[in-house]
Amino acid sequence: MHLSGYSKRSVLLPLILVSSVILMVLSYNYFTQTANQIQELAIDELETNSEIEAHSISNSLSNAIYAITSNLEIIANSPSTVDENISTIQTLLNIGRDSTNNLTDGYYFLDKNGRLTTFTGIEKEENVKYKGVDLSYRNYFQIPKHNGTLYISTVIDSNDNVPRIYISMPVFENNKKGLEAVGGGQLGGEVVAAVPSSLNRNLTSFKGVVVASIEAETLGNFLEGQIHPKFNGDIGFIDRNGTVIYTQNQTFIGKNYFGNEFQSYLKLILKDKAEEFNNILNKAFLSESGVEEFNFENISTTIAYEAVKGSETDNSINEYGNMIGTLFITVPHTLAGNVTSLIDNQNSINFSIIGIIVAISTVTAIILLRWNKLLNDNVKQKTFQLRDSIEKLEKANEDLKSHDKMQKEFINIAAHELRTPTQAISGNLELIQMSYVPSIFQTSSSGQIGIKAELERLVKDEDKLLDYSYALVSTYRNAQRLEKLVNDILDTSRIESNRLELHKESFNLNEKIQNVIKDIHNKTSLSSHNGDSSTHIDIVFEPQEDPIMVSADKIRIFEVLSNLINNAIKFSNGKPIIISAKTFQKNEIGSIKSNHNNELVDIENTIKNKDEKMMIVVVSVKDRGKGIDSDILPRLFTKFVTKSDQGTGLGLYIAKNIIEAHGGQIWAQNNYNGDKGATFSFSLQIDQEFKNL
Numbered sequence: 001m002h003l004s005g006y007s008k009r010s011v012l013l014p015l016i017l018v019s020s021v022i023l024m025v026l027s028y029n030y031f032t033q034t035a036n037q038i039q040e041l042a043i044d045e046l047e048t049n050s051e052i053e054a055h056s057i058s059n060s061l062s063n064a065i066y067a068i069t070s071n072l073e074i075i076a077n078s079p080s081t082v083d084e085n086i087s088t089i090q091t092l093l094n095i096g097r098d099s100t101n102n103l104t105d106g107y108y109f110l111d112k113n114g115r116l117t118t119f120t121g122i123e124k125e126e127n128v129k130y131k132g133v134d135l136s137y138r139n140y141f142q143i144p145k146h147n148g149t150l151y152i153s154t155v156i157d158s159n160d161n162v163p164r165i166y167i168s169m170p171v172f173e174n175n176k177k178g179l180e181a182v183g184g185g186q187l188g189g190e191v192v193a194a195v196p197s198s199l200n201r202n203l204t205s206f207k208g209v210v211v212a213s214i215e216a217e218t219l220g221n222f223l224e225g226q227i228h229p230k231f232n233g234d235i236g237f238i239d240r241n242g243t244v245i246y247t248q249n250q251t252f253i254g255k256n257y258f259g260n261e262f263q264s265y266l267k268l269i270l271k272d273k274a275e276e277f278n279n280i281l282n283k284a285f286l287s288e289s290g291v292e293e294f295n296f297e298n299i300s301t302t303i304a305y306e307a308v309k310g311s312e313t314d315n316s317i318n319e320y321g322n323m324i325g326t327l328f329i330t331v332p333h334t335l336a337g338n339v340t341s342l343i344d345n346q347n348s349i350n351f352s353i354i355g356i357i358v359a360i361s362t363v364t365a366i367i368l369l370r371w372n373k374l375l376n377d378n379v380k381q382k383t384f385q386l387r388d389s390i391e392k393l394e395k396a397n398e399d400l401k402s403h404d405k406m407q408k409e410f411i412n413i414a415a416h417e418l419r420t421p422t423q424a425i426s427g428n429l430e431l432i433q434m435s436y437v438p439s440i441f442q443t444s445s446s447g448q449i450g451i452k453a454e455l456e457r458l459v460k461d462e463d464k465l466l467d468y469s470y471a472l473v474s475t476y477r478n479a480q481r482l483e484k485l486v487n488d489i490l491d492t493s494r495i496e497s498n499r500l501e502l503h504k505e506s507f508n509l510n511e512k513i514q515n516v517i518k519d520i521h522n523k524t525s526l527s528s529h530n531g532d533s534s535t536h537i538d539i540v541f542e543p544q545e546d547p548i549m550v551s552a553d554k555i556r557i558f559e560v561l562s563n564l565i566n567n568a569i570k571f572s573n574g575k576p577i578i579i580s581a582k583t584f585q586k587n588e589i590g591s592i593k594s595n596h597n598n599e600l601v602d603i604e605n606t607i608k609n610k611d612e613k614m615m616i617v618v619v620s621v622k623d624r625g626k627g628i629d630s631d632i633l634p635r636l637f638t639k640f641v642t643k644s645d646q647g648t649g650l651g652l653y654i655a656k657n658i659i660e661a662h663g664g665q666i667w668a669q670n671n672y673n674g675d676k677g678a679t680f681s682f683s684l685q686i687d688q689e690f691k692n693l
């Protein structure tokens, strides 16, 4: 028996040691692979964000330049420009500069001989000397003159020794046939003709060029302003000739990347990595967009690049101006490095734990011969704890993913909802300015006189006056929509930070409900009167008794009622909305909410009331629409939950918190007994002073 026990121990101990070593190696390999995968995911996310940032900034710059080229095209095709009406040309140049003053510092008109005829800022004493200067030798005059196309230069030194980029458009005089074949545009109230490049060559005579200039420093400031303050990266911009327009290191601005000075510095800093870095930038200059990784002295950097073009529609300028330069975004792998460091530390801890387990297992193997059952119980206990920890970690991970998804969805929804009314307001105001009251934005005395005259003419034209009123009403409605969206976001912020304030006062709830219904009818009537397609909805209010006095915040209760009724209208398909207000004892609230069906959403109903005989009022809003979708029923009163194409999904969340702040409850249920639609209800405590009267 002794030899048998010894034999078992002699076999068991080496087996445990070998198994432990194998487990240690496999575990270490597993943790290493997991660490590498996490690092790769972090780098992929970094690359994606860098590409998105580069694309966004590139698009912003391209759009800004496109606005400049559009101004130049309109000015160049203006009859006043063709006729060389200097005063009108000066006005058009000033308007063009004002509309793009975030980027341009001047607009110029050169006659057919290349002499500077007029320009923005000509009235300044220090600029008078430039009038009549011969600029015919400049590429921004020569190339448009000979090619008849838009031209965008690289960075060149101006006559005042300021490096600038020039954008120029040729001016041609069309014959009668050519003029009949072209379209038109508008700048500053003057209608002008748009001349295709093919007509410029065959049917026109050269009259000069219109030029816009962009200071290199201004362009750099524009790019810097596009970067989010929290973005952990640098931005650089190099024009198509290799001149550095902008970089974080100010000493390199204006230097040519391919020049000996820059390349010598590059080789001094990067040493044998300079060639690899040059290959990345050369590839960027030949590509539309992309992303590369550069490693130097144990530091990894993501380099994202995107070509910046001056025109998206005219392919005739490829040789000279379509490609302005290349935008670069460089982001060091600080996040990936931090993740790697944390994972390495975790691996070391895990490796140490495994080593400790090996030692403990060796000692435990000896004890196993006598206390096998005790060890088995311990193993089961540890296994249970490990599973519990894994489940908690998985749940925490799912919660984080869900929160991240909700946050992204809210940002997308809020951006869309903010853009829609903002665009409508901007469009209506532009329509009013262009079609009805052109002088509306002029603050001078002459502008005020013009506004008065234009309004007098408008009053005499009933059709235009009606259209004008439509535009004003549309602007008002979209402003209200924008205000509501902002208020919803602010209310959500106050709720999240426990700063929701109530200003309670005693009022008749029936009267408040009637006011809400009246307000909704007024808005519907106004929308219908002004061409909106929305139909009238019958809203039936059935109060049990009158008055029903409550002590609450009138504005907040108005907000809750408006939200519930508007939601009912949205999903009612034109059918009547029924609103009721009934009084109950507080201990009856549970049966009220549960006697219909089990598809019910409300707050916990297990809290015992201090006064079960307290009187409450229950307000219900019933529609006959399609009902509440079963997918969102359990989450109906949480943030960002909506099945509608419009809205942020915050209304019911805010309503729930307002009612609960008043000590009430809110719930919703699909209608029963074959009725379609849903019913939303909330409860409020009746004013005790009124009850005692």
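Residue 361 in the UniProt record's numbering sits at position 361 of the sequence shown, and the numbers go up by one each step.
Heads up, the beta-carbon is just placed ideally off N, CA and C, and yes, glycines get one too.
Bridge-paired residues (DSSP) for residue i
| i | result |
| --- | --- |
| Ser60 | Paired residues: none, contrary to the question. |
| Ala581 | Pro543, Val619 |
| Arg115 | Asp134 |
| Met323 | Lys309 |
| residue 695 | Residue 695 cannot be examined here, being either before or after the span of the chain that is shown, 1 to 693. |
| Ile303 | Glu292, Thr330 |
| Arg164 | Ile156, Glu215 |
| Ser389 | Beta-bridge pairing links Ser389 to no other residue. |
| Pro576 | Partner(s): none; Pro576 has no beta bridge. |
| Ile74 | Its beta-bridge partners do not exist; DSSP assigns none. |
| Gln226 | Gln226 is not bridged to any residue. |
| Val171 | Gly208 |
Residue i at chain D interface by Cβ criterion, 8 angstroms
| i | result |
| --- | --- |
| Val617 | Absent from the structure: chain D. Only one protein chain is present. |
8 angstroms contact criterion, which residue i and residue j should meet: CB distance rounded
| i | j | result |
| --- | --- | --- |
| residue 694 | Thr118 | No answer is possible for residue 694: it lies beyond the span of the chain, which begins at 1 and ends at 693. |
| Tyr246 | Gly254 | With 8 angstroms as the limit, Tyr246 and Gly254 do not qualify as a contact, their Cβ atoms being about 10 angstroms apart. |
| Lys207 | Glu173 | 5 angstroms |
| Val133 | Ser168 | In fact, because the Cβ distance is near 15 angstroms, the residues do not count as touching under 8 angstroms. |
| Ile537 | Ile569 | 5 angstroms |
| residue 694 | Pro421 | Because the chain spans 1 through 693 in this model, residue 694 falls outside it and cannot be assessed. |
| Phe637 | Ile666 | 7 angstroms |
| Val162 | Val82 | That belief does not hold up - the Cβ atoms of Val162 and Val82 are roughly 30 angstroms apart, past 8 angstroms. |
| Arg556 | Leu485 | About 17 angstroms; that fails the 8 angstroms criterion. |
| Glu45 | Val291 | Going by Cβ atoms, the distance from Glu45 to Val291 rounds to 12 angstroms, so no, they are not a contact pair. |
| Ile324 | Arg387 | About 60 angstroms; that fails the 8 angstroms criterion. |
| Asn567 | Gly627 | The Cβ separation is near 12 angstroms, so there is no contact. |
| Gly310 | Thr32 | Rounded, the Cβ-Cβ distance is 49 angstroms, inconsistent with contact. |
Beta-carbon gap between residue i and residue j smaller than 8 angstroms
| i | j | result |
| --- | --- | --- |
| Gly674 | Arg624 | no |
| Val516 | Leu684 | no |
| Ala307 | Thr326 | yes |
| Val540 | Ile577 | yes |
| Leu135 | Leu150 | no |
| Thr583 | Ile513 | no |
| Tyr436 | Leu458 | yes |
| Tyr468 | Ile432 | yes |
| Glu542 | Ile565 | no |
| Leu268 | Phe296 | no |
| Gly242 | Phe258 | yes |
| Leu650 | Thr492 | yes |
From the options, residue whose alpha carbon lies closest to that of residue i
| i | options | result |
| --- | --- | --- |
| Asp160 | Ser213, Lys283, Pro229 | Ser213 |
| Glu224 | Gly254, Ala359, Ala54, Lys129 | Ala54 |
| Phe277 | Glu123, Leu266, Ser287 | Leu266 |
| Ile489 | His228, Gly114, Gly132, Thr648 | Thr648 |
| Ser474 | Gly651, Glu505, Asn428 | Asn428 |
| Thr154 | Arg164, Leu482, Tyr672 | Arg164 |
| Thr301 | Leu400, Asn563, Asn232 | Asn232 |
| Val621 | Phe584, Lys575, Phe680 | Phe680 |
| Gly663 | Lys626, Leu650, Met614, Ile89 | Met614 |
| Gly121 | Ser27, Lys273, Thr524, Arg97 | Arg97 |
| Ala216 | Lys283, Ser264, His228, Ser158 | Ser158 |
| Gln585 | Lys554, Gln688, Arg635, Gly574 | Gln688 |
| Ile152 | His146, Tyr140, Phe384 | Tyr140 |
Does the structure place the stretch 54–73 close enough to the stretch 95–107 that three or more beta carbon pairs sit under 8 angstroms? In short, these stretches touch, since the Cβ pair count reaches three.
Touching by the beta-carbon criterion (3+ pairs, under 8 angstroms), the stretch 553–568 and the stretch 651–660: By the Cβ rule, the stretch 553–568 counts as touching the stretch 651–660, because three or more pairs are nearer than 8 angstroms.
Would you check if there are 3 or more beta carbon pairs closer than 8 angstroms linking the stretch 107–115 to the stretch 89–98? Because the criterion of three Cβ pairs below 8 angstroms is met, the stretch 107–115 and the stretch 89–98 touch.
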